[in-house]
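K.L.:
Take this structure first; my questions come after.
Protein chains: 4
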Amino acid sequence: MLVTVNQHADPEQVQAELQGLGLWAQRLDSHNGPTTLLIAPYSATVSIETLRAVAGVQDVHAARSARPRLDERVRQAASIGTTVIGPGAPPVLMAGPCSVESEEQIQSAALMVRAAGGTLLRGGAYKPRTSPYPFDGHGEVALDWLRAAADAHGLGVVTEAMSEQHVDQVARVADLIQVGSRNMQNFALLRVVGATGKPVLLKRGRAATIDEWLLAGEHLLAAGAPDVIFCERGIASFDASTRNLLDLSAVAVLKHQHELLVLVDPSHATGRADLVLPLSKAALAAGADGLLIETHPDRRLAQSDGPQALQPDALQALGEACFL
Amino acid sequence: MLVTVNQHADPEQVQAELQGLGLWAQRLDSHNGPTTLLIAPYSATVSIETLRAVAGVQDVHAARSARPRLDERVRQAASIGTTVIGPGAPPVLMAGPCSVESEEQIQSAALMVRAAGGTLLRGGAYKPRTSPYPFDGHGEVALDWLRAAADAHGLGVVTEAMSEQHVDQVARVADLIQVGSRNMQNFALLRVVGATGKPVLLKRGRAATIDEWLLAGEHLLAAGAPDVIFCERGIASFDASTRNLLDLSAVAVLKHQHELLVLVDPSHATGRADLVLPLSKAALAAGADGLLIETHPDRRLAQSDGPQALQPDALQALGEACFL
Amino acid sequence: MLVTVNQHADPEQVQAELQGLGLWAQRLDSHNGPTTLLIAPYSATVSIETLRAVAGVQDVHAARSARPRLDERVRQAASIGTTVIGPGAPPVLMAGPCSVESEEQIQSAALMVRAAGGTLLRGGAYKPRTSPYPFDGHGEVALDWLRAAADAHGLGVVTEAMSEQHVDQVARVADLIQVGSRNMQNFALLRVVGATGKPVLLKRGRAATIDEWLLAGEHLLAAGAPDVIFCERGIASFDASTRNLLDLSAVAVLKHQHELLVLVDPSHATGRADLVLPLSKAALAAGADGLLIETHPDRRLAQSDGPQALQPDALQALGEACFL
Amino acid sequence: MLVTVNQHADPEQVQAELQGLGLWAQRLDSHNGPTTLLIAPYSATVSIETLRAVAGVQDVHAARSARPRLDERVRQAASIGTTVIGPGAPPVLMAGPCSVESEEQIQSAALMVRAAGGTLLRGGAYKPRTSPYPFDGHGEVALDWLRAAADAHGLGVVTEAMSEQHVDQVARVADLIQVGSRNMQNFALLRVVGATGKPVLLKRGRAATIDEWLLAGEHLLAAGAPDVIFCERGIASFDASTRNLLDLSAVAVLKHQHELLVLVDPSHATGRADLVLPLSKAALAAGADGLLIETHPDRRLAQSDGPQALQPDALQALGEACFL
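Listed in order, the protein sequences are those of chains A, B, C and D.
With the first sequence counted from 1, adding 1090 to any position gets you our numbering.
With the second sequence counted from 1, adding 1090 to any position gets you our numbering.
With the third sequence counted from 1, adding 1090 to any position gets you our numbering.
With the fourth sequence counted from 1, adding 1090 to any position gets you our numbering.
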């Protein structure tokens, strides 16, 4: 976005006024045209109308929105089964194990989740694994176990679709289809998932800019998804103290600038069960509409991502601190 | 850190027990020695004693602490003038303008800060500037204005020392000496600042790992500083939506793993006045002992970092939301 | 990897010997066991046998290889149609437009590529696009145009498969199937592509560690791919001077440590046609087995990635500098 | 930089022409003004005159240069003692140990460096250390040993100034004063170093953008330095395979876009003696004016950064490959 300065105005004065609005502006001059003030992306949100009204501003230039469908979702809540998420609704807890490992495990997990104030049960039937050799999910049967456990405890279901070929299966049981971080820009998958007509939980890629993330959401809406819920789960970083780097400023940007639906997954973001509680509180304080938490009845037995899962006591404590 | 597995124990079983403790362990084998389980840094915090007690663990190997002086500061509060910061004390608000621009400006700022619940007044007399040409602070006279304004409103003073040659001047007026982000590993400066015997606010470098940041604090303590308060202010990132990338997981690591004193500066972290409030709340929820907030009586007039400063109303709202 | 120190040896002496081998080692002590020296990943490559022979070393502990199939490909060349790539062969030039836009365009491109010393023609029939709305490839018909142009000029074909549903089509015409950066960890796609039995060009994800990249290659081999050629194309960074950040140290690591096949795509890495030539030379000097270059007969007309494409003169100059 | 489009021209046509010049342009519209095309920083270098001549371009807007003194150094060689560096001169080798550890060590090093084709001897008398406790240099006496060794072998001297208080000492013996990566934005130090009137080797900060790096060079020139030689030594990254991430695209940008003097330090960039040779060749191919190489007569004995130092044979091989 940029403004041009009226020929009779003092560019420095206009720049000061923009600064007063919270805008970082860089001055660009030309031989014969008006002075231009280019506004940095890390500026406060200000409407075109407000800019136009600044004394000395001749004109405001802006790019046409690249996200017309998301623009229509601004400040809208979404319904996931019986759960409402977003403006006007209390924050939402979605929790469950990384993988659906057995009927018993997912039933126990559902009980924990419900007790902690959760309304959606998560669990993977198809698991992306960095290496080709470890356990990668029980597939279709696990979807049935997951649905049954959720139904038995009055929960909705969120689960990941990894392959275009499994989207139908997943859509059959899910109230909310998850697209994982590694598939955020798997556009073929986005197209098929969007076409199911189910709402989608779109995890952020490890190096995705906020713009790229939003445009992946636009892909889903363009393909037919009724709602997209963005989920921050940590980005790439140079520090090894946490598994990924939780980016709560992105959450604030999505919530307070773009006014879209956004969840936080502190489990994958940190990899550390001992930091999930404080960072869950921080996520909600930053504006998140809810949390996605990894939990396991007994994490010693977990076949994937065990160390970061909350055990029953810790999940209950988190539920009491944030949801009950 | 690593554990060796007892010859008669099953390494997989030991690995499962470690997973139960929230530890990510990688198995390393040898021809004739015991199996070793190497624990990833992004694991939950577990004491050596706890590890030693795990069934099947033969021995625990750990590096000697590289930070003996910081280790003695664990779980200790610090006194900055009459302000107590840390365990047992309520969160602290330090606020003020980027630069001390005039006697009037800093007096107005002090009034705002006091009204919002602040106890320390910040303001720069010497300013690091990316370019050599813009305004870089009024120097010694600004230190006097700052001290006078703080005294007039019952506040302490925090201000930055940028040059070894100015440390004495700064120490004369400051209750807390700030070392800026760009100087976090300016070891010559750390030595001189530490030698003043004043407590130090140590901002994190834009690409500093948590370990490097802690060791810079150890430098200060080794040089004579009585206390170090770490301050997260955003790191380098690939996204331009915010000026830097606020890292609240580092705050959680400092607070909940290392149990040291940590502040957050959401103003520099985001560059966005419109995101300071939600990220301030998030910082305190993540465990920060207080906030460092940029504020200006009229940011149109600010000579540096104006767009990110909170104006009086916004600072008051932040004070009421978090401190009053 | 780690070594344990013989009880009668001096750990500092052993550490010095490891340093002599180019290894960064951290000392970990225990109450009753031997001292352990943990070797940092950014150390020179040294074999287990060499370590074992160091005076004072009791034992060497290492993880079992997570990449058994890649291990068998070490120091092996691959054949892509009539082109040999890798040890013993001269560097390879693959070039062509981002998208196959018309029969004429791809025929002109093939002529340019052949003249510049290229042996494979690249061009996209299916294009991943950050936004859902712009041109995303002509699909199947473009594959036919591409094959015909390559055949007419004695070139092989490399083109991208983006969807599991199109892999068969792509495999029908391609000598080398490209998996794009955004799909590096699209494991469902890797499985289908690997199962075609064609060699694969695997681009690095924007935030993929070298280990993750190699494991994605292992996925392909496990699924049936006969050969994997890794392709560095730039990673995420905090600097906007280039479109991505070209990582030639990764190329050196793949070539000189892992001894696998690696190409460089300086066009996507930089986004800058004016830097393609010097960075092409640098890539080959770092050890790359070849280059993937974006080129267009008239980049004013390009429907995607035009600004980074080399025009005929520049491609010819690059060919003469590096391949002819 | 941006262009405005003539009222009677078609913005898409102008955008295509810019694309033909290698420019990425984003279209910004307004209600009543001309269409603006904003040029991305990762575009090819094109002069204002060229842009002005594009059909349909009404006007070109650009920021005034923030680096007037660097602009005068464009395409200029520099003399460091008897060594000429830059346009028209062959690449330069500066080498030596991390620390000057003894008279004998630095004499041996000087012999090695001379034999390998080096013209400047490097060695630290004052060493920045992440921790306060290890060896940090022998100080002033080491400066004398360094000068004597250089003189004995007909070499110039490059050595680091870390403290404002030691700059005079350092300037007394150095032909080229090094400012280290951690002090790139230690503006107080830059001022004192610049004021000595000696040429300066300015290492890049681990998270410094190219613009920040150039502006730090401008600080030096503004303070009186006659010449600044930039030195890339690796930036922060998410991959642990190398100690830092060597950024050769920054070298290409400095050389081919800004046309300034630039060296590469592959030793610190990688931490790996086994990768120094291929990445040295790559650095020169990318356009570097020379190399800064860490070397040690016997790296087992090195008191700092030993693992990355080249031993005599390897330095000689590098000299023969690149300089002799």
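Quick reminder that beta carbons are idealized off the backbone N, C-alpha and C, glycines included.
These numbers come from a predicted model, not from an experiment.
(1) Among the candidates 1232(D), 1306(D) and 1375(D), whose CA atom is the shortest distance from the CA of residue 1273(D)?
(2) Going by other Cβ atoms of all chains shown within 10 Å of its Cβ, with 16 needed for buried, is residue 1121(C) buried or exposed?
(3) Work out the CA separation of residue 1351(B) and residue 1100(B) for me, nearest whole Å.
(4) Cα separation between residue 1213(B) and residue 1398(B)?
(5) Using a Cβ-Cβ cut-off of less than 7 Å, give me the residues of the segment 1281–1315 of chain A that come near chain C, in sequence order.
(6) When DSSP labels each residue in this structure, what does residue 1413(D) get in the three-state scheme?
(7) So, for residue 1287(A): in the same chain, excluding its five sequence neighbours on each side, which residues have a beta-carbon less than 6 Å away from its beta-carbon?
(8) If we ignore side chains and look at the alpha-carbon of each, how far apart do residue 1270(C) and residue 1123(C) end up?
(9) Buried or exposed for residue 1192(B), going by 16 or more other Cβ atoms inside 10 Å?
(10) Quick one: does residue 1113(B) have its CB under 8 Å from some CB of chain A?
(11) At the level of alpha carbons, what is the spacing between residue 1284(D) and residue 1308(D)?
(12) Going by the beta-carbon positions, is the gap between residue 1075(B) and residue 1170(B) smaller than 8 Å?
(13) Taking the runs of the alpha helix (DSSP H) that are 4 residues or longer, which of them lie wholly in the segment 1183–1260 of chain C?
(14) What residue from 1129(B), 1119(B) and 1107(B) has the CA that sits closest to residue 1093(B)'s CA?
(15) What's the call for residue 1103(D), buried or exposed, on a 16-neighbour Cβ count within 10 Å?
(16) Closer than 8 Å by beta-carbon distance: list the chain C residues that pair up with residue 1343(D), in chain order.
(17) Does DSSP put residue 1384(D) in a helix, a strand or coil?
(18) Using DSSP bridges, identify the partner residues of residue 1355(C).
(19) What separation, rounded to the nearest whole angstrom, lies between the Cα atoms of residue 1297(A) and residue 1266(D)?
(20) Residues of chain D with a CB under 8 Å from the CB of residue 1389(C): which are they?
(21) Where does residue 1151(C) fall in DSSP's three states?
(22) Taking its Cβ as the centre, do 16 or more other Cβ atoms sit within 10 Å of residue 1414(D), making it buried, or is it exposed?
(23) What do you reckon, are the CB atoms on residue 1138(D) and residue 1152(D) nearer than 8 Å?
(24) What are the start and end residues of the alpha helix (DSSP H) that includes residue 1371(B)?
(25) Curious, which full-length beta strand (DSSP E) runs of at least 3 residues does the segment 1298–1354 of chain D contain?
(26) Using beta-carbon positions only, say whether residue 1143(C) and residue 1107(C) come within less than 8 Å of one another.
(27) Could you pull the start and end residues of the alpha helix (DSSP H) that residue 1172(A) belongs to?
(28) What residues from chain A crowd round residue 1275(C), counting only those whose CB sits closer than 7 Å?
(29) Per the DSSP calculation, residue 1129(A) is bridged to which residue(s)?
(30) Restricting to Cα atoms, I'd like to know which of 1406(B), 1411(B), 1392(B) and 1408(B) is closest to residue 1110(A).
(31) Residues in the same chain with beta-carbon distance under 8 Å from residue 1161(A), minus the five sequence neighbours each way, listed in chain order, please.
(32) Answer yes if the segment 1325–1343 of chain C comes into contact with the segment 1359–1373 of chain D, meaning at least three C-beta pairs across the two stretches below 8 Å, and no otherwise.
(33) Classify residue 1231(B) as buried or exposed, calling it buried when 16 or more other Cβ atoms lie within 10 Å of its own Cβ.
(34) Return the chain-ordered list of same chain residues with a C-beta closer than 8 Å to the C-beta of residue 1126(A), the five sequence neighbours on each side being excluded.
(35) If you measure between the beta carbons of residue 1233(D) and residue 1268(D), is that distance less than 8 Å?
(36) Compare the C-beta of residue 1254(C) with all C-beta atoms of chain A and state if any pair is closer than 8 Å.
P.N.:
Reading it off the structure:
(1) The shortest Cα separation from residue 1273(D) among 1232(D), 1306(D) and 1375(D) belongs to 1306(D).
(2) exposed
(3) 41 Å
(4) Going from the Cα of residue 1213(B) to the Cα of residue 1398(B) covers about 14 Å.
(5) 1296, 1297, 1302, 1305, 1308, 1309 and 1312
(6) Coil, per DSSP.
(7) So the qualifying residues of the chain are 1314.
(8) Their Cα atoms are separated by approximately 48 Å.
(9) Around the CB of residue 1192(B), fewer than 16 other CB atoms lie within 10 Å, so the residue is classed as exposed.
(10) yes
(11) Between the C-alpha atoms of residue 1284(D) and residue 1308(D) there is a straight-line separation of about 10 Å.
(12) No answer is possible for residue 1075(B): the residues shown for chain B start at 1091 and end at 1414.
(13) Whole alpha helix (DSSP H) segments, 4+ residues: 1193–1205 and 1230–1242.
(14) 1129(B)
(15) exposed
(16) 1331, 1332 and 1365
(17) Residue 1384(D): strand per DSSP, three-state reduction.
(18) Beta-bridge pairing links residue 1355(C) to no other residue.
(19) Taking the CA atoms as reference points, residue 1297(A) sits about 39 Å from residue 1266(D).
(20) What residue 1389(C) touches in chain D: 1109, 1110 and 1112.
(21) Note: residue 1151(C) maps to strand in three-state DSSP.
(22) exposed
(23) yes
(24) 1366–1376
(25) 1318–1322 and 1352–1354
(26) no
(27) Residue 1172(A) -> no alpha helix (DSSP H), and no H or E assigned at all.
(28) 1218 and 1272
(29) 1115(A)
(30) 1392(B)
(31) Result list for residue 1161(A): 1155, in chain order.
(32) As far as the Cβ criterion goes, the segment 1359–1373 of chain D touches the segment 1325–1343 of chain C, which means the pair count is three or higher.
(33) Burial call: exposed.
(34) For residue 1126(A), where only same-chain residues beyond five positions count, the Cβ hits under 8 Å are 1092, 1093, 1094, 1095, 1117, 1118, 1119 and 1120.
(35) If you check the CB distance, residue 1233(D) and residue 1268(D) do not come in under 8 Å.
(36) yes
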